[in-house]
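If you read the sequence shown in this note's numbering, its first letter stands for residue 1, the second for the next number, and so on. No residue lacks a Cβ here, since even glycine has one placed at the ideal position from N, Cα and C. All of these numbers come straight from a predicted model, not from anything done at the bench.
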Amino acid sequence: GFGQQLICPRGSYCIDGVRHLCPAGRYGLHLRVFNASCTGVCTAGFYCPEGSIIDKQVRCPDAASYCPTASPAPVLVSPGYYTVGHETSNYTYDIINYDGNAFAETARTGQAICEKGYYCLSDGIKRKCPVGRYGSTRGLSSPSCSGYCAAGYYCEEGSESERQYPCGGADRFCPPGSTIAQNVHVGYYTVQLVDNNPALASAERRCEPGFYCSEGVKALCAPGTWGGEFGLHRANCSGVCAPGHYCPEGSISPIEKRCGDADKYCPGGNFQPVMVEEGYYSVGGNVSTRTGQQIAPPGHYAFNGILYVCPAGFYGATSGLSTATCSGPCSVPGYYCPAGSISPVMRYCGGDDVFCPPYTVAPIRVHSGFYTADYIYEVCPPGQWRNLTKFGASNDPTGYSPIVSQQALPLCQLCPNGTYKSISGDYFHQCLSCEAVQSVSSADRITCDCLTAWGEGFISQFNISSGLCQKYHTSEIPLIDASQWLANTSLTRSRQMPCDAGHYCAEGLRYKCPRGYYGALTQETRPFCEGVCTQGYYCLESSTSPTSYPCGGAQ
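Below, the structure is given as structure tokens:
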């Protein structure tokens with residue numbers, strides 16, 4: 001037997017005289033409890049071991065466990081869940097933002113599944129998915145969450161989608177796992193690995209030669225420029241194309257392409273060759289790298305960018321001619337035009353032994369037995385005079401006197417400086433004065449050279465008839481009256497004739513057969529013609545028969 005009985009203490013219940021500890025999850029606050037329910041169940045957030053005497057016997061230890069109502073012991077939080085407490089209903093406990101005073105870390109009453117954008121470790125704390133990652137499902141239990149943010153997008157903390165925020169523009173890029181959009185570097189451009197959308201760039205690349213990159217956009221170097229290095233960022237790239245060459249869009253060298261044929265030129269900064277204008281020719285560089293154009297000067301013409309000399313027989317009076325006929329044929333009798341002539345009367349034919357019909361390219365030698373002039377009229381040529389005073393003749397006679405071959409005449413001499421003589425003749429008065437202010441004597445004294453310069457397209461031409469300088473447009477040269485030019489002088493013979501009977505011809509001059517001789521043939525070249533007259537006959541000058549006159553018949 002028992003000697004005494006005791007009052008059933010708190011934390012226990014007593015049945016049939018036997019004391020039992022209150023079961024775990026319950027507490028016994030009062031004495032004399034006589035059933036296993038004790039006083040009641042343990043309060044949520046706390047747990048009650050066997051024999052507990054209050055409803056908050058032991059506080060749930062930390063966030064890694066929770067204690068619902070009637071908890072006999074802490075319950076470890078499930079993976080992908082976080083613990084919650086009834087003191088702050090619906091409060092999300094985040095270790096990062098917890099300041100230590102918001103609520104007690106202990107006394108957790110339950111668990112909740114981790115929402116999208118969060119992950120929950122075994123410590124029962126809910127954390128936002130880190131920057132650069134996303135959580136697209138609930139119950140995530142790793143800081144990796146669902147994975148990296150997709151290329152072309154960035155993910156802030158707590159993102160729920162791999163495409164949470166578009167990168168934003170061509171000047172920004174977002175590689176996979178981006179935490180924020182990155183600004184593109186100078187001289188770089190952005191690329192899209194997916195969705196070919198400039199707002200979803202995922203990488204940057206250094207600008208290649210031939211391109212420049214501005215604000216993430218790659219563009220070809222502009223026509224006429226070139227880009228010879230990586231990382232260019234200005235529209236003019238490395239600079240303008242070199243003269244003699246052209247640079248299409250995207251060129252990488254200042255001499256990307258040669259300008260081409262002679263009908264094109266490239267002064268510099270060209271994106272394509274410039275065609276040479278009509279009447280112009282290309283200059284500079286070499287045959288394929290011309291750098292400019294110039295107008296064809298007088299005496300020349302330009303075709304397909306090449307300068308040519310006006311051919312013999314034609315003249316070019318103006319600049320900018322473009323055909324081989326230049327200004328036209330040289331048609332003035334007594335003159336000829338060598339290649340490069342600028343006037344239809346470019347050259348005097350030259351002398352009595354040559355002649356120049358219209359359109360002549362060079363003087364034609366007088367054929368044997370032909371003549372251009374009679375000897376008796378062969379006075380001094382234009383530009384020269386003969387001093388006859390020592391022969392007792394007037395220095396200024398009023399008319400012509402035949403000059404015969406037997407006389408030893410003085411040589412012809414140039415007219416004095418300051419004068420000109422445009423006609424044949426022996427007399428000094430034929431040397432006329434040049435216009436004192438506007439002209440000077442030509443070297444041959446045949447004309448005067450005008451001093452006035454009128455500018456491009458005009459000439460000052462001396463008029464031998466008026467003795468004055470006159471202004472002409474170069475296009476008027478072919479229309480100038482032929483009387484202004486020397487006509488059929490010893491310098492400007494324009495035709496030849498066959499020597500007729502009674503004459504002989506030498507060096508373009510026709511001579512009479514001398515007295516005592518005869519010439520029955522045409523085109524005779526012998527000074528004594530066919531020979532002496534027949535005995536019993538005599539022959540006057542120009543006799544055509546050896547028996548021209550019987551002796552005794554002379555008057």
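As assigned by DSSP and simplified to three states, the class of residue i
i           : result
residue 179 : coil
residue 200 : helix
residue 554 : Model confidence at residue 554 stands at a pLDDT of 46, short of 50, so the residue's coordinates are unreliable; what they give is reported in the following sentence. It is coil, neither helix nor strand.
residue 397 : Confidence is the limiting factor: at residue 397 the pLDDT is only 38, short of 50, which leaves the residue's position unreliable, though a coordinate-based value still follows. Coil.
residue 230 : coil
residue 428 : helix
residue 325 : coil
residue 83  : strand
residue 389 : helix
residue 185 : coil
residue 405 : Note on residue 405: pLDDT 34, under 50, position unreliable in the model; the coordinate value appears next. DSSP places residue 405 in coil when its eight states are reduced to three.
residue 107 : coil
residue 213 : strand
residue 295 : strand
residue 336 : strand
residue 63  : coil
residue 14  : strand
residue 482 : Residue placement at residue 482 is poorly supported in this model, since its pLDDT is 48, which falls under 50; the coordinates are not used for a value here.
residue 132 : coil
residue 169 : coil
residue 411 : coil
residue 343 : coil
residue 528 : coil
residue 303 : strand
residue 314 : strand
residue 521 : coil
residue 493 : coil
residue 270 : strand
residue 123 : coil
residue 40  : strand
residue 374 : strand
Inter-residue CB distance, residue i and residue j (contact presumed, cutoff 8 Å)
i           : j           : result
residue 66  : residue 35  : Wrong, their Cβ atoms sit about 28 Å apart, outside the cutoff.
residue 32  : residue 48  : About 19 Å; that fails the 8 Å criterion.
residue 141 : residue 119 : 6 Å
residue 150 : residue 160 : At roughly 13 Å, the Cβ-Cβ gap does not stay under 8 Å, so residue 150 and residue 160 are not in contact.
residue 226 : residue 202 : Not confirmed; about 30 Å, so no contact.
residue 358 : residue 331 : 4 Å
residue 189 : residue 167 : No, residue 189 and residue 167 are not in contact; Cβ-Cβ is about 14 Å, not under 8 Å.
residue 181 : residue 123 : About 33 Å; that fails the 8 Å criterion.
residue 494 : residue 314 : That belief does not hold up - the Cβ atoms of residue 494 and residue 314 are roughly 18 Å apart, past 8 Å.
residue 452 : residue 469 : 6 Å
residue 157 : residue 138 : Between residue 138 and residue 157 the Cβ distance is about 17 Å, and since that is not below 8 Å, they are no contact.
residue 206 : residue 230 : 5 Å
residue 111 : residue 77  : 5 Å
residue 295 : residue 322 : Their Cβ separation, rounded to whole angstroms, is 10 Å, which puts residue 295 and residue 322 out of contact at 8 Å.
Endpoints, beta strand (DSSP E) assigned at residue i
i           : result
residue 306 : 306-309
residue 369 : Careful: residue 369 lies outside any beta strand (DSSP E) and carries neither H nor E.
residue 116 : First-last for residue 116: undefined, no H or E at that position.
residue 283 : 280-283
residue 220 : 217-220
residue 54  : Segment: none, residue 54 is in no beta strand (DSSP E) and carries neither H nor E.
residue 142 : Per DSSP, residue 142 belongs to no beta strand (DSSP E) and is neither H nor E.
residue 510 : 509-512
residue 127 : 126-128
residue 504 : 503-506
residue 18  : 18-21
residue 359 : Neither: residue 359 is in no beta strand (DSSP E) and is coded neither H nor E.
residue 30  : From DSSP, residue 30 is part of no beta strand (DSSP E); its letter is neither H nor E.
Contact with chain C by residue i, beta-carbon distance below 9 Å
i          : result
residue 58 : Absent from the structure is chain C; it holds one protein chain and no more.
Spell out a yes or no on whether the region 266-273 and the region 240-249 are touching, meaning 3 or more CB-CB pairs, one atom from each, closer than 8 Å.
-> yes
Would the region 359-370 and the region 490-499 be scored as touching if the rule is three or more Cβ pairs under 8 Å?
-> Touching, per the Cβ criterion.
Okay, do the region 408-423 and the region 437-445 touch, 3+ Cβ pairs below 8 Å being the bar?
-> Counting Cβ pairs under 8 Å, three or more are found: they touch.
Return the chain-ordered ranges of every beta strand (DSSP E) run that is complete within the region 438-480 and spans a minimum of 3 residues.
-> 439-441, 448-450, 458-463, 468-473
Are the region 526-542 and the region 507-514 in contact at 8 Å, needing three or more beta carbon pairs?
-> Counting C-beta pairs with one atom in each stretch, the region 526-542 and the region 507-514 have three or more that are closer than 8 Å, which means they touch.
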